[in-house]
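Protein chains: 2
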Amino acid sequence: MPHGRGWRRRRRGRGHGIRRFVEPCLLLLLHRGDTHGYDLLERLPDLGFAEETVDSSVVYRYLRDMEDRGFVASTWDTEGAGPPRRVYRLSPEGDRYLAWWIEGLRQTRVTLDRFLQAYDEHMELEGHTIQIERTADVDNQRSS
Amino acid sequence: MPHGRGWRRRRRGRGHGIRRFVEPCLLLLLHRGDTHGYDLLERLPDLGFAEETVDSSVVYRYLRDMEDRGFVASTWDTEGAGPPRRVYRLSPEGDRYLAWWIEGLRQTRVTLDRFLQAYDEHMELEGHTIQIERTADVDNQRSS
DNA sequence: TACTATATCTGCATATTGCAGATAGCTGTA
DNA sequence: TACAGCTATCTGCAATATGCAGATATAGTA
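Which chain is which? The protein sequence lines are A and B, in order. Reading the first sequence from the start, the letters are residues 1 to 144 in this note's numbering. Reading the second sequence from the start, the letters are residues 1001 to 1144 in this note's numbering.
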């Protein structure tokens, strides 16, 4: 539960949004080709994180975690300028993991659409009711 | 991060899915009319939780929390059979909170669609590449 | 040297959520 | 009466998710 008492007050966590969404994003980016964490971090905004920024710690933690689970493999790249980079490559398991994610996200979209449609339908009915009430009021005013 | 090492192993949390999604569901249900927690719990499956079940503790906690934040108000109903029920009513604040949720969920849908489209486009390109590679192979076989 | 950009990683606090179980009233039945 | 089962609400706990702050290190530039 949000601790904040006020409106929308939520210092940590983004409140709504899809859980663990960075994970499929990283998987897709890695499916396009091998890279290191910092590069992935910079590419994330193109992939859904237009408004919201992802913290670098989250990206690095997911990468390490996915390596532990065998979805990616890393090697050190000491070529070029700057500090060494840990370059990640998607494994066949990671490929299947991405497919599993996509399946889940498609289901999430169905759920989301169904909910938003339920909302719209309810509000439209509500609108009609208000319309009828207003008409009734007008009639009352006329008849009085 | 998921602690489980195996595939899809995730005993708690549903992994993907929309965070706090029960909250807007409860708000919409309450917008349709006042009711108590148990009734809301039973109505939730109609509203997006077709597959997954929501634990009763989650529902009751969100209701109490939203009451603390002024989005709903409760009264005890001791009429009728069974134990007393705490009946919730949406407040004007709760009404605006629902509207805020809807706004966020529409944004989430945009993000989700954009990601899934990026995936589909990438996979289609991938498919084309494979097609070209295969054609090249066939050509090689022919020329050899 | 000091500052900046690149790059990775850790610790902490908070938030989210499933699971287990406590408590209690009412209903039907052996 | 006893007890099983349904209704109804609530608490504690553990696992997970995630933002924030900051540590560490390399290399280029003023």
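Each residue gets a CB set at the ideal place from its N, CA and C atoms; glycine is no exception.
DSSP bridge partner residues for residue i (one or two, in chain order)
| i | result |
| --- | --- |
| A:Tyr60 | Paired residues: none, contrary to the question. |
| B:Leu1088 | Here the sequence assigns Tyr to residue 1088 of chain B, which means Leu is not the residue at that position. Beta-bridge pairing links B:Tyr1088 to B:Thr1035, B:Ser1074. |
| A:Ile18 | B:Ile1018 |
Collapsed DSSP secondary structure at residue i in the structure displayed
| i | result |
| --- | --- |
| A:Pro2 | Here the model assigns A:Pro2 a pLDDT of 49, short of 50, so the residue's position is not dependable, and the following value carries that caveat. In the structure shown, A:Pro2 sits in coil (DSSP, three-state: anything other than H, G, I, E or B). |
| A:Arg69 | coil |
| A:Val54 | coil |
| A:Glu126 | helix |
| B:Ala1118 | helix |
| A:Pro24 | helix |
| A:Ala81 | coil |
| B:Gly1104 | helix |
| B:Gly1094 | helix |
| A:Gln141 | Interpretation of A:Gln141 is limited by its pLDDT of 42, a score under 50 that renders its predicted location unreliable; the figure taken from the coordinates is listed afterwards. In the structure shown, A:Gln141 sits in a helix (DSSP, three-state: H, G or I). |
C-beta atoms of residue i and residue j nearer than 7 angstroms
| i | j | result |
| --- | --- | --- |
| A:Leu47 | A:Val59 | no |
| B:Val1022 | B:Val1054 | yes |
| A:Arg69 | A:Asp34 | no |
| A:Leu98 | A:Leu27 | yes |
| A:Arg19 | B:Arg1109 | no |
| A:Asp77 | A:Arg64 | no |
| A:Glu93 | A:Phe71 | yes |
| A:Pro24 | A:Trp101 | yes |
| A:Ser74 | A:Glu67 | yes |
| A:Leu30 | A:Arg43 | no |
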